[in-house]
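Reviewing the structure listed below.
There are 2 protein chains.
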Amino acid sequence: MSAPITALPPSLESALSQMLGPVGMLVDASDTAPYTRDWRLLYEGRCAAVLRPADTGELARIVALCAEHDVPIVPQGGNTSMVGGATPDASGRAVVVCTSRMNRIREIDPHDLTMVVEAGVTLKAAQDAARNAGLMLPLSISSEGSAQIGGVIATNAGGNNTVRYGNARELMVGLEAVMPDGSVFNGLRRLRKDNTGYALRQLLAGSEGTLGIISTVILQLQPQPRSRELALCAIADASAALTLFGAFRAQDPSAIQAFEYMSGVGMALVTDLIDGATLPLSEPAAAYVLVELASARADDSIRTLMESVLGDALENGLVIDAVMAESESQVASLWRLREEHAEAQKRAGANVKNDVSVPVSRVPALIERATAACEALIPGIRVAPFGHLGDGNIHFNLVQPEGMDPAAFLARDHDIMDCVCAIVHDLDGSFSAEHGVGQLKTYMMPEWRGGAELETMRRIKQAIDPRGIMNPGKIFPAAAS
Amino acid sequence: MSAPITALPPSLESALSQMLGPVGMLVDASDTAPYTRDWRLLYEGRCAAVLRPADTGELARIVALCAEHDVPIVPQGGNTSMVGGATPDASGRAVVVCTSRMNRIREIDPHDLTMVVEAGVTLKAAQDAARNAGLMLPLSISSEGSAQIGGVIATNAGGNNTVRYGNARELMVGLEAVMPDGSVFNGLRRLRKDNTGYALRQLLAGSEGTLGIISTVILQLQPQPRSRELALCAIADASAALTLFGAFRAQDPSAIQAFEYMSGVGMALVTDLIDGATLPLSEPAAAYVLVELASARADDSIRTLMESVLGDALENGLVIDAVMAESESQVASLWRLREEHAEAQKRAGANVKNDVSVPVSRVPALIERATAACEALIPGIRVAPFGHLGDGNIHFNLVQPEGMDPAAFLARDHDIMDCVCAIVHDLDGSFSAEHGVGQLKTYMMPEWRGGAELETMRRIKQAIDPRGIMNPGKIFPAAAS
Numbered sequence: 001m002s003a004p005i006t007a008l009p010p011s012l013e014s015a016l017s018q019m020l021g022p023v024g025m026l027v028d029a030s031d032t033a034p035y036t037r038d039w040r041l042l043y044e045g046r047c048a049a050v051l052r053p054a055d056t057g058e059l060a061r062i063v064a065l066c067a068e069h070d071v072p073i074v075p076q077g078g079n080t081s082m083v084g085g086a087t088p089d090a091s092g093r094a095v096v097v098c099t100s101r102m103n104r105i106r107e108i109d110p111h112d113l114t115m116v117v118e119a120g121v122t123l124k125a126a127q128d129a130a131r132n133a134g135l136m137l138p139l140s141i142s143s144e145g146s147a148q149i150g151g152v153i154a155t156n157a158g159g160n161n162t163v164r165y166g167n168a169r170e171l172m173v174g175l176e177a178v179m180p181d182g183s184v185f186n187g188l189r190r191l192r193k194d195n196t197g198y199a200l201r202q203l204l205a206g207s208e209g210t211l212g213i214i215s216t217v218i219l220q221l222q223p224q225p226r227s228r229e230l231a232l233c234a235i236a237d238a239s240a241a242l243t244l245f246g247a248f249r250a251q252d253p254s255a256i257q258a259f260e261y262m263s264g265v266g267m268a269l270v271t272d273l274i275d276g277a278t279l280p281l282s283e284p285a286a287a288y289v290l291v292e293l294a295s296a297r298a299d300d301s302i303r304t305l306m307e308s309v310l311g312d313a314l315e316n317g318l319v320i321d322a323v324m325a326e327s328e329s330q331v332a333s334l335w336r337l338r339e340e341h342a343e344a345q346k347r348a349g350a351n352v353k354n355d356v357s358v359p360v361s362r363v364p365a366l367i368e369r370a371t372a373a374c375e376a377l378i379p380g381i382r383v384a385p386f387g388h389l390g391d392g393n394i395h396f397n398l399v400q401p402e403g404m405d406p407a408a409f410l411a412r413d414h415d416i417m418d419c420v421c422a423i424v425h426d427l428d429g430s431f432s433a434e435h436g437v438g439q440l441k442t443y444m445m446p447e448w449r450g451g452a453e454l455e456t457m458r459r460i461k462q463a464i465d466p467r468g469i470m471n472p473g474k475i476f477p478a479a480a481s
Numbered sequence: 482m483s484a485p486i487t488a489l490p491p492s493l494e495s496a497l498s499q500m501l502g503p504v505g506m507l508v509d510a511s512d513t514a515p516y517t518r519d520w521r522l523l524y525e526g527r528c529a530a531v532l533r534p535a536d537t538g539e540l541a542r543i544v545a546l547c548a549e550h551d552v553p554i555v556p557q558g559g560n561t562s563m564v565g566g567a568t569p570d571a572s573g574r575a576v577v578v579c580t581s582r583m584n585r586i587r588e589i590d591p592h593d594l595t596m597v598v599e600a601g602v603t604l605k606a607a608q609d610a611a612r613n614a615g616l617m618l619p620l621s622i623s624s625e626g627s628a629q630i631g632g633v634i635a636t637n638a639g640g641n642n643t644v645r646y647g648n649a650r651e652l653m654v655g656l657e658a659v660m661p662d663g664s665v666f667n668g669l670r671r672l673r674k675d676n677t678g679y680a681l682r683q684l685l686a687g688s689e690g691t692l693g694i695i696s697t698v699i700l701q702l703q704p705q706p707r708s709r710e711l712a713l714c715a716i717a718d719a720s721a722a723l724t725l726f727g728a729f730r731a732q733d734p735s736a737i738q739a740f741e742y743m744s745g746v747g748m749a750l751v752t753d754l755i756d757g758a759t760l761p762l763s764e765p766a767a768a769y770v771l772v773e774l775a776s777a778r779a780d781d782s783i784r785t786l787m788e789s790v791l792g793d794a795l796e797n798g799l800v801i802d803a804v805m806a807e808s809e810s811q812v813a814s815l816w817r818l819r820e821e822h823a824e825a826q827k828r829a830g831a832n833v834k835n836d837v838s839v840p841v842s843r844v845p846a847l848i849e850r851a852t853a854a855c856e857a858l859i860p861g862i863r864v865a866p867f868g869h870l871g872d873g874n875i876h877f878n879l880v881q882p883e884g885m886d887p888a889a890f891l892a893r894d895h896d897i898m899d900c901v902c903a904i905v906h907d908l909d910g911s912f913s914a915e916h917g918v919g920q921l922k923t924y925m926m927p928e929w930r931g932g933a934e935l936e937t938m939r940r941i942k943q944a945i946d947p948r949g950i951m952n953p954g955k956i957f958p959a960a961a962s
């Protein structure tokens, strides 16, 4: 990786450096290095420069100049992609365009419950600003401290509250983006209804930077919940978890703020390997559910709802044991048991991660079949699925057997992924629920999204980005883009 | 309109008639006439044949054959477009492809709360089937008895419950469509999270038949509300209505099932001209709000919520008078006052309709400014706006002055629409909230959605339908499509 950085065409380099100055343009390898590898260290590329525009005007001029010179652009926000979606390839031809300086929260409107934020605002900063205005941005993902809103929308992030409020795409009511020719699509309208042509905002959301760079968005906010209850339940298996989800949903789907599944294997890793993480139940179980109910109303019967459903479930044996949080610190402790799953798995050795989804009703079949298949594939493998059961979205993660060489385990990563994905395919699911395709999963597109679907995507890509300069190598398998 | 029907190319005609038989293919002018005019009688076209496929396979073969012969296709469902979106042009070259025979409800899944319906199922039939399964399809529009699901999704219909559940696009979790080359895009996945490439489902929803023909959809259902309250309030003006909406929303936005505004002028037309429609309040007011609250829970404090917000509003003078429905028949009577607005206006003479939206906070400005402008434009004009205040979507309808010649009034339709739309534009609104563009409003696209937005739409259209055979003349002004 010590090869010299490929120079930009001189006229482009001088135009860019004149516009952006030293703060806005990084060219030294030591400065650009952090932008050329993903945080999982799956990919390490190179780039000709990192460009950091201060506003939409600069961003548009950057794109127009790069288009003129046929220089590829890799858009990057907080660089938190799970699939190498924001990492340049090894050619060194591309520029990385990072939105981190476009970080103003322009407006919070308490009447329309909307928030206008630039692409480089972190999700956490946007959440905090909403909270300080007495409102809530109901989008929560584990990378929220670093992930930037532009990337969050460009990858249609999901997370814990999708079960109640939808994915990032559904929370976005307005969007501005710089298109691959440098023109600006201004869709910054805060309208609940607007049937005037194609759904370009929705198309750009989730396009992973391959159709343009999102520069500003308008997000839909909600009032802060005034009542909230959180419970951890010990259960026998995923089938019991699904039945419990159905019991809550039959009462009131709009009260379910989060419904998370955790395996007994995963929970044991958390309590064994994370300082201060303890199970507040009498004994360990084969599986767990963390359920959060909430309402905007202070006088709402959320507590009664939780107690009544859990009471019935305990009585008929569906739930083995349960604990409700009685303070903010207990809320934090219970959520921590869920949030530390990834860290605990990392400490337990090498991991293979699958971010898959199936119809909600088929989650038990997924967990049962994929667990058996993985255990048969690699004896001693630790199967630790967890995640958003209420969305049918399970992070089907596998931890190496104790004592196995990590490299030997990781050498089987495609075997493991194929083993899980074959079952997901059979259950009419998706190989990527929240994380997107990036470069890690492009090879899966022809089999899973082939025929008219992939052909239509290719046509859209070709029509909007005929030069193929926007985030090349992402989403589409190499033949096309 | 008595010119002979333009013949299809003979090889195409014989292939189609062999496949479809007499039930599936209409060619006599008397049979095809109802399919060649819109119900508002704004447009009367001609067609070479009406094709009525029985299933997706037949639909796909029809499209492939038409593509081969460069024969334009006008998709049609219940023919309830407000904007001539399903009417062929006068050339007689096109075939109308009507989905009415594809009318099976294939499955209702009580575990995933989803429903698989073919394009030709009416919205009413889908609602009824959901209700019979103990569930609710939360989409309600005035044409629901005729409108078919394919068209409902293709035009991204809105209606009374959008304030709570979103537009048709948000209620659709899976979609199958026949693309302009006859290939079938199978996006019939019932997944809450699926980030594997571009949002083609969302793009096809709202594309008004210009990118393909929707053949089957999967809809998201909800449990039926177990508690529900409806109130009619007399208020001073739209500003008071907005304040009242804010008061309910501050308590609990998810309880607001509908929030409808009506003008005093419009209500007076209803009570004067509709048999049995009476105002259940002590005296007429300048404006009214119909608010419906609901919850999935039987034990929920919906009644308390309604009484507490209305009690405060009556006390501080925000609401002048109010009545709550105490029986199902009272619910029907109150909703009838709202639903008969269009019919009453029709009986009062010639109408000009504007389906516009603005940010919710700007509805009072819209109503105040557009009322004054229209009254200045045509003295004696009856300004009768009504609609979905909670979505910022007002049907800004104008009724001719009493005694004026209807034709003379209608001759001013563009003056009136321009007068209203100039104010909508100034308030950052949309010229079409729910009804789409069709052929009626194509001329507005360059000014309202020009630049990068319209250019991107054109590129997508060209890429997906390079022959321009899918619903030509819709959405795009003539120069392009």
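Same order as they appear, the protein sequences are chains A and B.
With our numbering, letter number 15 in the first sequence gets 15, and the count goes up by one each step, no holes.
With our numbering, letter number 51 in the second sequence gets 532, and the count goes up by one each step, no holes.
Ideal Cβ positions, reconstructed from N, Cα and C, are used throughout, including at glycine.
- Counting along the chain, the unbroken beta strand (DSSP E) around A/Met172 starts and ends at 172 to 178.
- In this structure, B/Val508 sits away from B/Val577, with a CB-CB distance that is not shorter than 8 Å.
- A direct Cα-Cα distance of roughly 41 Å separates B/Tyr516 from B/Ala767.
- A straight line joining the alpha-carbon of B/Asp802 with that of A/Glu292 spans about 39 Å.
- By the Cβ test, the segment 388 to 406 of chain A is not in contact with the segment 616 to 634 of chain B, since fewer than three Cβ pairs between them sit closer than 8 Å.
- Check the Cα spacing between B/Gly931 and each of B/Leu786, B/Lys942, B/Phe957: the tightest is with B/Phe957.
- According to the DSSP assignment, B/Gly502 belongs to the alpha helix (DSSP H) that extends over 491 to 505.
- Shortest Cα-Cα distance from A/Gly246 to any of A/Ala408, A/Lys346, A/Leu389, A/Val173 involves A/Leu389.
- Only residues of its own chain outside the window of five on either side were considered, and among them His341, Ala384, Phe386 have a CB closer than 6 Å to the CB of A/Gly266, listed in chain order.
- With its beta carbon at least 8 Å from every one in chain A, B/Gln705 lies outside the interface.
- Residue environment: A/Pro72 is assigned as buried (16 or more neighbouring CB atoms within 10 Å of its CB, all protein chains considered).
- Separation of A/Glu447 and B/Ile716 (C-alpha to C-alpha, rounded to the nearest whole angstrom) is 59 Å.
- For B/Ser624, the secondary structure class from DSSP, reduced to helix, strand or coil, is coil.
- At the C-beta level, A/Arg131 and A/Gln224 come within 8 Å of one another.
- Of all residues in the segment 724 to 738 of chain B, the ones placed with a Cβ closer than 9 Å to any Cβ belonging to chain A are Gly727, Arg730, Ala731, Gln732, Asp733, Pro734, Ser735, Ala736, in chain order.
- Residue range 745 to 754 is occupied by the alpha helix (DSSP H) that includes B/Gly747.
- Taking C-beta atoms as the reference points, A/Gln76 and A/Ala60 fail to come closer than 8 Å.
- A/His435 is classed as buried because its beta carbon has at least 16 other beta carbons within 10 Å across all chains shown.
- Counting only runs of at least 4 residues, the segment 578 to 644 of chain B fully encloses the following alpha helix (DSSP H) elements, listed from N- to C-terminal order: 604 to 613, 630 to 635.
- Spatial neighbours of A/Leu377 in its own chain (CB-CB distance under 7 Å, excluding positions within 5 residues in sequence) are listed in chain order as Asp415, Ile416, Cys419.
- Nearest Cα to A/Val152 within the set A/Glu208, A/Ala129, A/Cys98: A/Glu208.
- Within the same chain, Cβ atoms closer than 7 Å to the Cβ of B/Leu908 are found at Val839, Arg843, Ala846, Leu847, the five residues on either side in sequence being excluded.
- When the beta-carbon positions are compared, B/Gln683 and A/Ala463 stay at least 8 Å from each other.
- Across the segment 826 to 859 of chain B, CB contacts with chain A closer than 7 Å involve Ser838, Pro840, Val841, Ser842, in sequence order along the chain.
- Taken in chain order, the complete alpha helix (DSSP H) segments of 4 residues or longer contained in the segment 668 to 718 of chain B are 681 to 685.
- B/Glu934 reaches chain A at Phe185, Asn186, Gly187, Gly197, Leu200, counting residues in chain order whose Cβ is nearer than 8 Å.
- Within the DSSP secondary-structure output, B/Met951 pairs in a beta bridge with B/Ile554.
- The beta carbon of A/Pro406 sits closer than 8 Å to the beta carbons of Gly349, Ala350, Gln400 from its chain, once the five residues preceding and following it are set aside; these are given in chain order.
- The beta carbon of B/Thr724 sits closer than 7 Å to those of Leu799, all from its chain and outside the five residues before and after it, given in chain order.
- For A/Arg131, the nearest beta carbon of chain B is not closer than 8 Å to its own beta carbon.
- Per the DSSP secondary-structure output, B/Glu773 pairs in a beta bridge with B/Leu711, B/Ala739.
- Residue environment analysis places B/Gly655 among the buried positions, since at least 16 neighbouring C-beta atoms fall within 10 angstroms of its C-beta.
- Taking a beta-carbon distance threshold of 8 Å, A/Thr456 counts as an interface residue toward chain B.
- Only exposed fits B/Ser763, as fewer than 16 other CB atoms lie within 10 angstroms of its CB.
- Those residues of the segment 536 to 557 of chain B placed with their C-beta closer than 8 Å to a C-beta in chain A do not exist.
- The C-beta distance from B/Ala548 to B/Ile589 rounds to 34 Å, too long to meet the 8 Å contact threshold.
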